[in-house]
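Novice:
Protein chains: 2
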Amino acid sequence: MQDPRINDKREDILDIAERLFAEQGFEAVSVREISREAEINIAMISYYFGSKEKLYEEIIKRKLISYKELKQGVNAFDTELEKLMFVAATVTQAFFKNRNFQKIIFREMSLNQRTHMADYLIEHMHQNFQFITDIVKRGIRKKEFKPVEVELTVMSLFAIIRMYTTSGTMICKITNKNSVEDVYDEKQRLRLIKFLRDLFTAHLLPQ
Amino acid sequence: MQDPRINDKREDILDIAERLFAEQGFEAVSVREISREAEINIAMISYYFGSKEKLYEEIIKRKLISYKELKQGVNAFDTELEKLMFVAATVTQAFFKNRNFQKIIFREMSLNQRTHMADYLIEHMHQNFQFITDIVKRGIRKKEFKPVEVELTVMSLFAIIRMYTTSGTMICKITNKNSVEDVYDEKQRLRLIKFLRDLFTAHLLPQ
DNA sequence: CAAATTTAATTAAACGTTTGTTTAATTCGC
DNA sequence: GCGAATTAAACAAACGTTTAATTAAATTTG
Numbered sequence: 020m021q022d023p024r025i026n027d028k029r030e031d032i033l034d035i036a037e038r039l040f041a042e043q044g045f046e047a048v049s050v051r052e053i054s055r056e057a058e059i060n061i062a063m064i065s066y067y068f069g070s071k072e073k074l075y076e077e078i079i080k081r082k083l084i085s086y087k088e089l090k091q092g093v094n095a096f097d098t099e100l101e102k103l104m105f106v107a108a109t110v111t112q113a114f115f116k117n118r119n120f121q122k123i124i125f126r127e128m129s130l131n132q133r134t135h136m137a138d139y140l141i142e143h144m145h146q147n148f149q150f151i152t153d154i155v156k157r158g159i160r161k162k163e164f165k166p167v168e169v170e171l172t173v174m175s176l177f178a179i180i181r182m183y184t185t186s187g188t189m190i191c192k193i194t195n196k197n198s199v200e201d202v203y204d205e206k207q208r209l210r211l212i213k214f215l216r217d218l219f220t221a222h223l224l225p226q
Numbered sequence: 020m021q022d023p024r025i026n027d028k029r030e031d032i033l034d035i036a037e038r039l040f041a042e043q044g045f046e047a048v049s050v051r052e053i054s055r056e057a058e059i060n061i062a063m064i065s066y067y068f069g070s071k072e073k074l075y076e077e078i079i080k081r082k083l084i085s086y087k088e089l090k091q092g093v094n095a096f097d098t099e100l101e102k103l104m105f106v107a108a109t110v111t112q113a114f115f116k117n118r119n120f121q122k123i124i125f126r127e128m129s130l131n132q133r134t135h136m137a138d139y140l141i142e143h144m145h146q147n148f149q150f151i152t153d154i155v156k157r158g159i160r161k162k163e164f165k166p167v168e169v170e171l172t173v174m175s176l177f178a179i180i181r182m183y184t185t186s187g188t189m190i191c192k193i194t195n196k197n198s199v200e201d202v203y204d205e206k207q208r209l210r211l212i213k214f215l216r217d218l219f220t221a222h223l224l225p226q
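From first to last, the protein sequence lines are chains A and B.
Just so you know, we're using the numbering used here here: the first sequence kicks off at 20 and counts up by one.
Just so you know, we're using the numbering used here here: the second sequence kicks off at 20 and counts up by one.
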């Protein structure tokens, strides 16, 4: 908490390294490449973060969503469907905003490397899951929802948002967009949210 | 095509390397680890495959589904919904059977490494996408389906199967299974297929 | 306030490992 | 005894990290 510019520089390194890790994966990115891109001496990475792996862990932990606001946010809604749709919109927004980060997270969770990190992420994800699962279960109990497969339903919600978020080049090709950026503009975000609303409304509501 | 045992040994190496690449990612696996696990001399990898990267490419290309059978298979069905469900079941089966392979594929597609390989995979995936997209479009034209967002619908189908296939430890935890293997037994496969049927039936059919 | 001193930030160079690949010698099957 | 399969050893290059020296900034002192 000294010179604020020092923390700025630290944040710069974190941002640049995050991008590189998202593009290439942890092992494929060398500390030399990070230092080159961030225009710092290679020794500064050990100096700031201790090691390449600790830098990686800091990148991950700094952005893990605190679902506190989300949990408070849902209270504003009456029906479980509206709560669920609020969650879908919030998660979509967060994923759109931090696409590089999400790439790292989901790649890390699919690896058997750095198992303590994977365990940590799975535990975090599990809690979010549980929170949304409870909404759906409550909806079923109140007969607002059909008696669907709860776990698969919630998993599907994440799966769709995740795939859209992390498969930019693929979706770019499918939807005949010129640039990957076009896949993630405001219009497309709202389009995805509307789609999720339609899909899960048909799936959950009776008739 | 000489001594069949030689090809067996080659296949062994491909299988073992596939597992390692799926677990750890391309860069994290060393040729020494592959040779140790396969109980061969390290030089044999260059001897058989030329290089680590060519070994990797061979692992990928040998299992890319030929969608010929799939395209012929759908002809046995009358309605577009039944065709789509046949595709869903077939893809699920294939993904369940080759989980390690699918992990590699989707990780590779999310990386900006080995861009020619990623481009190749995206092109392949695009064709499969197109095939399924056509089914949905035909269903809409015939008024068998509601006028849904076609691309997002097809993407969702893949997204769900993919997430289920590649997030074993996660799903294991959510569903309170003891072992990851339990997530991928016959019963669970049928459960997932039934879920997909319910979800997309509600999404696609009028009312 | 300026000089002296301490602390922090930054650097170039070197460290010991590990990497993928190659070489040259040897073993094997026919 | 000849060609293919297999081996141990060596290769240069790249890796993450550390060192020791230097510059910059902050603090203390007279």
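We treat Cβ as the ideally placed atom computed from N, Cα and C, and that holds for glycine.
Model, not experiment: these values are computed from the prediction.
Who are the neighbours of P147(B) on chain A, taking C-beta pairs under 8 Å?
Specialist: The sequence shown places Asn at residue 147(B), not Pro. Those do not exist, as N147(B) stays about 11 Å from chain A at its closest Cβ, beyond 8 Å.
Novice: Reducing DSSP to helix, strand and coil, say where L224(B) ends up.
Specialist: coil
Novice: Cβ of K165(A) within 8 Å of Cβ of A41(A)?
Specialist: no
Novice: Interface residues of chain A around M174(B) at Cβ under 9 Å?
Specialist: Within 9 Å Cβ-Cβ: I179, M182, Y183, S186, M189, I190 and I193.
Novice: Rounded to the nearest angstrom, what separates Y183(A) and N60(B) at their Cα positions?
Specialist: 43 Å
Novice: Kindly indicate which three-state DSSP category G158(A) falls into: helix, strand or coil?
Specialist: Per DSSP, reduced to three states, the secondary structure at G158(A) is helical.
Novice: Could you check which residue in T185(B), E99(B) and Y67(B) has the C-alpha nearest to that of I124(B)?
Specialist: T185(B)
Novice: Taking S65(B) as part of the alpha helix (DSSP H), name the residues at either end of that continuous run.
Specialist: A62 to F68
Novice: Assuming I141(B) and T188(A) make a contact with CB atoms under 8 Å, what is their CB distance in whole Å?
Specialist: 6 Å
Novice: Does DSSP put R133(A) in a helix, in a strand, or in coil?
Specialist: coil
Novice: E52(B) CB to nearest chain A CB: under 8 Å?
Specialist: no
Novice: Would a C-beta distance cut-off of 8 Å place A47(A) and Q132(B) closer than the cut-off?
Specialist: Contact: yes.
Novice: Evaluate L39(A) with the Cβ neighbour count: other Cβ atoms within 10 Å of its Cβ, from every protein chain shown; 16 or more gives buried, anything less gives exposed.
Specialist: buried
Novice: Flag this pair as touching only if the segment 200-212 of chain A and the segment 149-164 of chain A have three or more C-beta atom pairs under 8 Å; answer yes or no.
Specialist: no
Novice: Determine the chain A residues that contact L209(B) at a beta-carbon separation under 9 Å, and present them in chain order.
Specialist: Chain A residues near L209(B): none, gap ~12 Å exceeds 9 Å.
Novice: Give a yes or no on whether 8 Å exceeds the smallest Cβ distance from L218(A) to chain B.
Specialist: yes
Novice: Tell whether a beta-carbon distance below 8 Å holds between K206(A) and H145(B).
Specialist: no
Novice: Give the DSSP-derived three-state secondary structure of E127(A) in the structure shown.
Specialist: Assigned with DSSP and collapsed to three states, E127(A) falls in helix.
Novice: Exposed or buried, what is H222(B) when buried is set at 16 or more other beta-carbons lying within 10 Å of its beta-carbon?
Specialist: buried
Novice: Are the segment 97-111 of chain B and the segment 211-225 of chain B touching, with three or more C-beta to C-beta distances below 8 Å?
Specialist: With a cut-off of 8 Å, the segment 211-225 of chain B and the segment 97-111 of chain B count as touching, because enough Cβ pairs lie within range.
Novice: If we cut at 8 Å on Cβ distances, does I141(B) have a partner in chain A?
Specialist: For I141(B), the answer is yes, since a Cβ of chain A falls inside 8 Å of its Cβ.
Novice: How big is the Cα-Cα spacing for T152(B) and V169(B)?
Specialist: 6 Å
Novice: Could you compute how far the alpha carbon of M136(A) sits from the alpha carbon of E127(A)?
Specialist: Approximately 8 Å between the Cα atoms of the pair.
Novice: Determine, for E168(A), whether the minimum Cβ-Cβ distance to residues of chain B falls below 8 Å.
Specialist: yes
Novice: Enumerate in chain order the residues of its own chain whose CB-to-CB distance from N117(A) is below 7 Å, with the five nearest sequence positions on each side excluded.
Specialist: K82
Novice: So, are the CB atoms of F120(A) and Y75(A) less than 8 Å apart?
Specialist: no
Novice: How should L171(A) be labelled, buried or exposed, when 16 other C-beta atoms within 10 angstroms of its C-beta is the threshold for buried?
Specialist: buried
Novice: For I190(B), which option in F148(A), T98(A), E30(A) and K87(A) has the closest C-alpha, if you only look at C-alpha atoms?
Specialist: F148(A)
Novice: Just confirm the distance between the C-beta atoms of K73(B) and V50(B), as a whole number of angstroms; I'd bet it's less than 8 Å.
Specialist: Incorrect: roughly 12 Å between the Cβ atoms, too far for contact.
Novice: Residues in the same chain with beta-carbon distance under 7 Å from T98(A), minus the five sequence neighbours each way, listed in chain order, please.
Specialist: E163
Novice: So is L218(B) buried or exposed if we call it buried at 16+ other beta carbons inside 10 Å?
Specialist: buried
Novice: Could you name the residues of the same chain whose beta carbon sits closer than 8 Å to that of Y173(B), not counting the 5 residues immediately before and after it, in chain order?
Specialist: Rather than Tyr, the amino acid found at residue 173(B) in this sequence is Val. Cβ within range, chain order: F148, I151, T152 and V155.
Novice: Report all residues from its chain with a CB closer than 8 Å to the CB of L224(B); omit the five preceding and five following residues, and keep chain order.
Specialist: L100, E163, F164 and K165
Novice: Any Cβ of chain B within less than 8 Å of the Cβ of Q21(A)?
Specialist: Any reading at Q21(A) must be qualified, since the residue scores a pLDDT of 38, below 50, and its modelled position is unreliable; the value itself is stated next. By this cut-off, Q21(A) is not an interface position.
Novice: Looking at C-alpha atoms only, which residue of E30(A), Y86(A), I53(A) and A36(A) is the closest neighbour of H143(A)?
Specialist: Considering only alpha carbons, the answer is Y86(A).
Novice: Taking the C-alpha atoms as reference points, what is the distance between R208(B) and R55(B)?
Specialist: 34 Å
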